[in-house]
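Q:
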């Protein structure tokens, strides 16, 4: 393309297409509208998103905020050409971190950065974000799309999410009464969720399989689609259990670092979690990853959720009632273990039994 003199360049010549950005905004408006809830009724397109806490029914709220990304799971989405699920992961990683503190997710904002904006690809991604927001009961009230040629290449993109929730003052978790003998319940994961994907991708490389090949652990799906199974969103079942029983003492979202990193974050220093590994129903994807990559049990436990995406701490007398509420809401619940005394210098988790890898 020839330029007529020094001042003939346009932003499009530099690789940024303003029209594509405007088209994307129009494409995603119906998805954004689908996430409306009490407190959030506006359209996207302003300089900031608005939320009315009073209209959401809060009287004396404490706000809780979380942000996260999807990590290198995005590379699988890009290489496999499947873009409609990673938005669910983005929301899940943020809102699950809110509900573990007893907070109801209220609103969400996203950041989508790419080298060259494809409005259809962008709409698929934001459609997934909207689906995650609906599942979590929070409103998508704004976001940012950044087209940055030279920063991202070959169709690469990145996502970041930001969620804000609220709880009435005095009702935040963890509670201060976690005690020795309390029961630990585990809620099943939907798969790998959104952690450990640098290792997953390395193992897939060792296997020699293409993303379009049938998944060895799920012959009804391609390998790419099976590994892109979105992160489970636990928000509505947990909020129902919190509000109906008043018995939940602590929750831990099992993300990067697995059991040994995430469970101790919500425990007092004098207690540890004794986990019965025999109780875990390990999804086939983890067995395949362990076997194909030669990954040892303890490395699996500190890299992946291994089939348990969320843990719940309750008094023994309340365990059956809480499990009943969560099961009725569609969760697969197992009794994972108990709270035990922790001596100084001990780890915050102790394992019994063996993972069925």
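In the working numbering, the protein residues as written are 4 to 360. Using N, Cα and C, we set each Cβ at its ideal position, and we do this for glycine too. Since the structure is predicted, the reported quantities are computational estimates derived from the model, not experimental observations.
Taking DSSP's pairing of strands, which residues face residue 108 in a bridge?
A: For residue 108, which the question treats as bridged, DSSP gives the partners 168.
Q: Pick helix, strand or coil for residue 7, following the three-state DSSP scheme.
A: Residue confidence is low: residue 7 scores 47 on pLDDT, short of 50, so the model does not pin down where it sits. Its coordinate-derived value is still stated next. In this structure, residue 7 counts as coil in the three-state DSSP scheme.
Q: Is the distance from the Cβ of residue 61 to the Cβ of residue 112 below 8 Å?
A: Not closer than 8 Å, so no.
Q: Residue 205 CB to nearest chain B CB: under 8 Å?
A: You won't find chain B in this structure, because it holds only one protein chain.
Q: What does residue 342 pair with, by DSSP beta-bridge criteria?
A: Paired residues: 276.
Q: Does the beta-carbon distance from residue 311 to residue 102 come in below 8 Å?
A: Contact flag unset, no.
Q: Straight-line CA distance for residue 88 to residue 231?
A: Approximately 7 Å, taken between the alpha carbons.
Q: According to DSSP, simplified to helix, strand and coil, what is residue 236?
A: The answer is coil: DSSP assigns residue 236 none of H, G, I, E or B.
Q: Could you give the first and the last residue of the continuous alpha helix (DSSP H) run that contains residue 292?
A: Per DSSP, residue 292 belongs to the alpha helix (DSSP H) from 287 to 296.
Q: Could you spell out the range, first to last residue, of the alpha helix (DSSP H) harbouring residue 353?
A: No alpha helix (DSSP H) holds residue 353; the beta strand (DSSP E) holding it covers 352 to 355.
Q: Any chance the segment 114 to 127 sits against the segment 137 to 156, with 3 or more Cβ pairs inside 8 Å?
A: Yes, the segment 114 to 127 touches the segment 137 to 156.
Q: Taking one C-beta from the segment 323 to 330 and one from the segment 259 to 273 each time, how about it: are there three or more such pairs within less than 8 Å?
A: At 8 Å Cβ cutoff, the stretches do not touch.
Q: Run through DSSP, which three-state label would residue 315 get?
A: Here residue 315 sits in strand by DSSP.
Q: Could you check how far apart the C-beta atoms of residue 338 and residue 253 are, in whole angstroms? I think they sit under 8 Å.
A: No, residue 338 and residue 253 are not in contact; Cβ-Cβ is about 16 Å, not under 8 Å.
Q: Just tell me which of 196, 129, 184 has its CA closest to the CA of residue 92.
A: Checking every option, the nearest Cα to that of residue 92 belongs to 196.
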